[in-house]
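K.L.:
Numbering (our numbering), first residue to last: 139 to 219. Dropping a structure here in C-alpha cells format, bear with me for questions.
In C-alpha cells:
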C-alpha cells in the first residue's frame with residue numbers, strides 16, 4: 139500500500155496549526171506521514187506540533203536554521219520523504 143506524505147510548512151500559524159494537524163490526522167486514508175517544516179517563526183506553533191508528535195508517530199518535524207519562505211520550506215520537507 140502506498141504512503142502519502144503531507145508537508146506542512148509552519149511559520150507563525152499558531153491560530154491555525156491545531157486545525158491543520160487535526161485535518162491531516164483524521165483523514166480516512168491512514169497510511170500517511172505528516173512532515174512539519176519549522177520555518178523559524180516566533181509564536182507557539184512548533185510547540186503545538188511537538189505535543190501532537192508525541193501522540194502520533196506519523197508526525198515528523200524538520201527544523202530550518204533560518205526562515206526560508208514557503209516554497210523552500212516545502213522543498214526541505216520533500217527532501218526527507
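Note that CB positions come from ideal geometry on N, CA and C, so glycine has one too.
Could you tell me which of 175, 167, 169, 140 sits nearest to residue 216, measuring between CA atoms?
P.N.:
Out of 175, 167, 169, 140, 175 has the C-alpha closest to the C-alpha of residue 216.
K.L.:
How long is the line joining the alpha carbons of residue 213 and residue 190, rounded to whole angstroms?
P.N.:
One C-alpha to the other measures close to 22 Å.
K.L.:
From 186, 193, 182, 145, pick the residue whose C-alpha is nearest to that of residue 209; which is it?
P.N.:
Nearest C-alpha to residue 209: 145.
K.L.:
Is it true that the CB of residue 194 sits closer than 7 Å to the CB of residue 163?
P.N.:
Taking 7 Å as the Cβ cut-off, residue 163 and residue 194 qualify as a contacting pair.
K.L.:
Ignoring anything shorter than 4 residues or poking outside the stretch 156 to 202, list the alpha helix (DSSP H) runs there in chain order.
P.N.:
Whole alpha helix (DSSP H) segments, 4+ residues: 183 to 193.
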